[in-house]
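Asks: For reference, the structure I am asking about is given below.
There are 2 protein chains.
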Amino acid sequence: MNASAKPTLAFGPRVRKSPYHAATLRHGAKVFTVYNHMYLPMAYSEEPGRDYWNAVRGVQLWDVACERQVEISGPDALRFAQLLTPRDLSRLEVGQAAYTLITNADGGILNDPVALRVAEDRFWFSLADGDTLLWAQGLAASGEYRVSLGEPDVSPLQVQGPRSADLLAELFGDWVRTLRFYRFREFDFNGIPLLVGRMGYSHEQCFELFLRDGHRGEELWRRLWEAGRPLGVTAGAPNLALRLEAGIYSHLTDMDAATNPFEMGLGWTVQLDCKAPFIGREALRNIAAKPLKRRMLGAEIDGPPLWTGNEHRLPVLADGQTAGYLTSCGYSPRLAKNLAFLMLRRPFDEPGRRVEVQFPDGRRRAAVVNLPWTKRQRQRQGCDKVRQCQAQTQPQSD
Amino acid sequence: MNASAKPTLAFGPRVRKSPYHAATLRHGAKVFTVYNHMYLPMAYSEEPGRDYWNAVRGVQLWDVACERQVEISGPDALRFAQLLTPRDLSRLEVGQAAYTLITNADGGILNDPVALRVAEDRFWFSLADGDTLLWAQGLAASGEYRVSLGEPDVSPLQVQGPRSADLLAELFGDWVRTLRFYRFREFDFNGIPLLVGRMGYSHEQCFELFLRDGHRGEELWRRLWEAGRPLGVTAGAPNLALRLEAGIYSHLTDMDAATNPFEMGLGWTVQLDCKAPFIGREALRNIAAKPLKRRMLGAEIDGPPLWTGNEHRLPVLADGQTAGYLTSCGYSPRLAKNLAFLMLRRPFDEPGRRVEVQFPDGRRRAAVVNLPWTKRQRQRQGCDKVRQCQAQTQPQSD
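Read top to bottom, the protein sequences are chains A and B.
In terms of numbering that gives the first Met the number 0, the first sequence opens at residue 0 and continues consecutively.
In terms of numbering that gives the first Met the number 0, the second sequence opens at residue 0 and continues consecutively.
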């Protein structure tokens with residue numbers, strides 16, 4: 000190895016391995032990160048855009064076992080789950096999921112899990128990076144709530160891409176084609192216990208398989224791979240370009256405890272008039288009552304493709320002043336554009352405005368746009384069904 | 000890159016970089032992990048044992064900025080800090096530190112930070128891997144305690160090895176030589192705000208510099224490096240062999256919420272008769288009242304040097320039965336032995352016993368021994384001063 004070689008990742012016993020870990024290495028996972036104390040594969044092909052095109056043109060398996068579940072069960076499960084999030088969970092049906100924010104007393108964002116109502120008195124929060132279980136356990140220590148909290152043996156695997164329904168219908172049956180967006184059901188796949196949900200970390204057609212027995216991970220992966228061969232199945236990973244196109248945020252990249260839901264454009268997940276108490280209501284009410292000082296917008300950045308994204312938040316300048324900062328950027332092969340998320344302060348938060356982004360190797364010009372890109376894409380394609388389902392999970396925005 | 004190349008680590012904006020990150024790359028950091036949402040360098044030299052010998056023979060800088068601080072301040076700081084740990088903090092003086100465990104209501108271990116009393120009403124818990132701040136914030140949400148909680152801008156840097164005092168005396172003054180074990184003081188180093196402590200993640204002579212302004216990290220590193228040149232300073236990292244020799248555990252590797260302090264041999268950090276309440280007392284009292292079902296011991300393993308340690312916990316067998324599991328192992332160049340930590344159930348937890356460890360490539364024989372190795376080493380060398388200081392922080396064990 001020479002001095003300029005890329006640093007490698009230590010594989011040791013402190014960081015946990017996914018039940019699909021051996022499979023991801025076998026299929027050539029080359030770049031990893033660590034997420035919720037687990038190894039998360041990030042890239043397979045070294046050819047720029049290859050992983051992306053494999054996802055959007057075919058069917059792709061993503062090891063996202065690092066999305067750990069906080070399980071809340073017991074007589075007060077609903078009341079305690081509600082305490083954690085400003086999204087009203089009272090009408091969430093068994094078998095239904097919802098994108099939620101976990102907020103602290105200041106209205107800051109601690110995590111942005113998908114909440115699943117697994118049973119009347121059993122919820123899962125499927126986490127972004129962060130030990131939200133410790134937050135929940137700290138809150139529950141008062142003994143006020145009759146709940147059990149834990150991290151169950153659940154390892155999500157996402158099946159992404161336009162052929163994902165074909166693959167799963169072949170294996171599980173045609174019922175998967177009729178599964179509505181953000182709905183899931185229990186399924187026993189030859190003894191492999193699953194929850195199968197129509198959801199995932201993109202706005203493409205995708206499904207999430209919540210494996211409920213880590214010992215069956217290798218078998219599940221192999222069965223999917225074999226059935227997927229005729230469809231050209233590939234291994235992939237949560238994709239920067241796909242999430243930028245879709246306006247999907249990454250917790251700790253784009254938002255954290257110093258950010259509130261409204262400036263992120265996630266006010267639609269906050270129900271201030273929710274009947275049951277939740278943490279952060281007073282702070283969020285105060286924030287909502289005042290004009291926003293800054294907000295997250297999209298941007299299209301000039302210049303050569305930004306294949307590898309950014310390593311740090313980058314300053315954004317307008318009219319010679321600091322207008323805000325860039326949190327994420329990358330190149331969308333499908334749109335043939337560099338996309339970015341910018342946190343822009345007033346009065347610079349206007350779609351159409353020209354700004355400059357200070358990259359380590361120089362400034363680039365950019366145009367501010369509304370988020371997301373895929374919504375407009377879907378509208379152009381007349382994908383009413385997707386929009387209809389999307390509306391169920393984003394009641395105030397779509 | 001060929002298929003057998005080691006996976007690289009993704010460098011992106013989600014995982015934070017230490018103020019010393021650029022310096023570690025400049026000095027050739029080749030292997031990283033992620034710890035408390037930060038990059039942590041793990042190895043510099045590819046020559047087995049080189050980093051280790053550099054540490055034990057000279058002076059070495061370790062970027063451990065990933066040891067984040069939970070800061071507790073306010074009128075109820077002592078009472079709230081005490082709530083978090085079974086170690087009695089009432090007699091901890093300002094300028095004194097203590098190794099502590101954070102326990103949950105079941106007596107399980109959530110973290111093993113060093114607690115520092117920075118002021119009468121200000122404590123830091125210098126964390127192992129885990130979002131203990133969320134646990135503390137959850138507990139404080141009741142509003143019962145008048146405390147502020149947060150993660151301050153503090154970035155620890157360790158100076159390790161027999162020449163560490165010489166290096167720091169040269170830069171800071173001779174007072175560092177008289178600093179007692181687990182004591183620290185504030186020090187303004189040409190405008191760089193520090194806490195300088197006599198502590199670190201080894202049982203060698205070592206110091207920990209708690210940098211209180213991340214913007215000054217590069218400058219601090221450069222000053223240390225320049226002053227260290229005549230002493231042969233090197234860059235290093237928390238070292239597997241050093242921590243094994245010293246019987247220092249790694250949270251999430253050797254212990255976690257499923258482990259209690261007594262079976263780890265850390266009962267000396269539990270003061271059941273502590274006057275103020277702490278979480279887990281009742282459970283710990285019950286555990287202490289019964290014979291232990293298992294406990295952590297050392298082992299010396301036969302066969303070729305285990306330079307790279309283990310990737311998983313490994314089964315331990317005795318008399319054809321499962322006797323427990325190995326959590327960590329590695330080769331100590333100084334002792335010319337393979338060392339390991341074994342969690343052994345009764346009646347297999349006896350020093351002197353022969354066991355077998357099931358490695359992926361076959362079984363190896365091992366002899367069970369008491370922990371740690373360096374204590375005996377120190378006794379042989381007659382290092383009374385170290386033992387005396389150690390006794391202050393390990394009142395019931397040494």
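The beta carbon of each residue, even a glycine, is placed where N, CA and C say it ideally should be.
1. Is Ile71 (chain B) near Ala135 (chain B), with beta carbons less than 9 angstroms apart?
2. How would you call Glu262 (chain B), buried or exposed, if buried means at least 16 neighbouring beta carbons within 10 angstroms?
3. For chain B, check one thing: does any of its Cβ atoms lie closer than 9 angstroms to the Cβ of Met41 (chain A)?
4. Looking at the structure shown, is Leu341 (chain A) part of a helix, part of a strand, or coil, going by DSSP?
5. Please list, in chain order, the residues of the segment 307-324 of chain A that have any C-beta partner in chain B closer than 7 angstroms.
6. List the whole-angstrom C-beta distance separating Gly302 (chain B) from Arg345 (chain B), where the pair is believed to meet the contact cut-off of C-beta under 8 angstroms.
7. Rounded to whole angstroms, what is the Cα-Cα separation between Trp267 (chain A) and Tyr98 (chain A)?
8. Using a C-beta cutoff of 9 angstroms, does Asn103 (chain B) count as contacting chain A?
9. Between the C-alpha atoms of Lys289 (chain A) and Leu166 (chain B), what's the straight-line distance to the nearest angstrom?
10. Could I get the ranges of all uninterrupted alpha helix (DSSP H) runs contained in the segment 273-297 of chain A, with 4 residues as the minimum, in chain order?
11. Measure the C-alpha to C-alpha separation of Ala298 (chain B) and Ala366 (chain B) and round it to an integer number of angstroms.
12. Buried or exposed: Asn337 (chain B), going by 16 or more other Cβ atoms within 10 Å of its Cβ?
13. Let me know if Lys16 (chain B) comes out buried or exposed under the rule of 16 or more other beta-carbons within 10 Å of its beta-carbon.
14. For the putative contact between Asn110 (chain A) and Ala96 (chain A), defined by C-beta atoms under 8 angstroms, what is the C-beta separation to the nearest angstrom?
15. Short of 6 angstroms in beta carbon distance, which residues of its chain neighbour Gly149 (chain B), apart from the five on each side in sequence? Order them along the chain.
16. Starting from the C-beta of Pro155 (chain A), find all residues in its chain whose C-beta is less than 8 angstroms away, skip the five residues before and the five after it, and write them out in chain order.
17. Given this structure, state the Cα-to-Cα distance separating Gly11 (chain B) from Asn309 (chain A), to the nearest angstrom.
18. Please state whether DSSP places Ala270 (chain B) in a helix, a strand or coil.
19. Check whether chain B comes within 9 angstroms of Trp61 (chain A), counting only Cβ atoms and requiring the distance to be less than that.
20. Report the neighbours of Ser133 (chain B) on chain A: residues whose CB is nearer than 8 angstroms to its CB, in chain order.
21. So which residues of chain A does Ala140 (chain B) contact, with C-beta pairs closer than 8 angstroms?
22. Between which two residues does the beta strand (DSSP E) carrying Leu148 (chain A) extend?
23. Please work out which residues of its chain come closer than 8 angstroms, Cβ to Cβ, to Tyr324 (chain A), disregarding the five sequence neighbours upstream and downstream, and give them in chain order.
24. Give a yes or no on contact between the segment 196-207 of chain A and the segment 157-166 of chain A, applying the rule of three or more CB pairs nearer than 8 angstroms.
25. Is Arg375 (chain A) close to chain B? Criterion is C-beta to C-beta, closer than 9 angstroms.
26. When Cβ atoms are compared, which residues of the segment 338-359 of chain A fall closer than 7 angstroms to chain B?
27. Under 9 angstroms between C-beta atoms, does Gly11 (chain A) make it to chain B?
28. Out of curiosity, what's the CA-to-CA distance linking Ala140 (chain A) and Glu244 (chain A)?
29. Which residues does DSSP list as the beta-bridge partners of Val354 (chain B)?
30. Could you check what DSSP says for Glu218 (chain A) in three-state terms: helix, strand or coil?
31. Distance, Cα to Cα, Asp120 (chain A) vs Arg179 (chain A)?
32. Please classify Asp187 (chain B): does DSSP put it in a helix, a strand, or coil?
33. Pick out whichever of A:Asn189, A:Leu194 and A:Phe347 has its Cα sitting closest to the Cα of Val175 (chain A).
34. DSSP three-state call for Ser154 (chain B): helix, strand or coil?
35. Tell me the DSSP secondary structure of Leu91 (chain B) in three-state form.
36. Among A:Val55, A:Pro85 and A:Gln157, which one has its Cα closest to the Cα of Leu334 (chain A)?
Replies: In this structure, then:
1. yes
2. buried
3. yes
4. Of the three classes helix, strand and coil, the one that applies to Leu341 (chain A) here is strand, per DSSP.
5. Within the segment 307-324 of chain A, the qualifying residues are Gly308, Asn309, Glu310, His311 and Arg312.
6. Arg345 (chain B) and Gly302 (chain B) do not touch by the CB rule: their CB atoms are close to 27 angstroms apart, not below 8 angstroms.
7. 10 angstroms
8. yes
9. 54 angstroms
10. As far as the segment 273-297 of chain A is concerned, its whole alpha helix (DSSP H) runs of at least 4 residues are 280-288.
11. Note on geometry: alpha-carbon atoms of Ala298 (chain B) and Ala366 (chain B) lie some 5 angstroms from one another.
12. buried
13. By the Cβ-count criterion, Lys16 (chain B) is buried, with 16 or more other Cβ atoms from all chains shown falling within 10 Å of its own Cβ.
14. Incorrect: roughly 15 angstroms between the Cβ atoms, too far for contact.
15. Glu70
16. Contacts found: Val63, Ala64, Glu66, Ser125, Glu207, Leu208, Phe209 and Leu210.
17. C-alpha separation (whole angstroms): 6 angstroms.
18. Looking at the sequence shown, residue 270 (chain B) is not Ala but Gln. Gln270 (chain B) sits in coil when the DSSP states are folded into three classes, being neither helix nor strand.
19. no
20. Residue identity check: residue 133 (chain B) is Leu in the sequence provided, not Ser. Leu109, Gly129, Asp130, Thr131, Leu133, Trp134 and Gly137, listed in chain order.
21. Ala104, Gly137, Leu138 and Ile278
22. Ser147 to Gly149
23. Arg312, Leu313, Pro314, Val315, Leu341 and Met342
24. yes
25. Its pLDDT being 49, under 50, Arg375 (chain A) is placed unreliably in this model, and the value from its coordinates should be taken loosely. Output row for Arg375 (chain A): interface = no.
26. none
27. yes
28. 41 angstroms
29. B:Ala365
30. Glu218 (chain A) falls in the helix class under three-state DSSP.
31. Asp120 (chain A) and Arg179 (chain A): Cα-Cα distance of roughly 22 angstroms.
32. strand
33. A:Leu194
34. strand
35. Of the three classes helix, strand and coil, the one that applies to Leu91 (chain B) here is coil, per DSSP.
36. A:Val55
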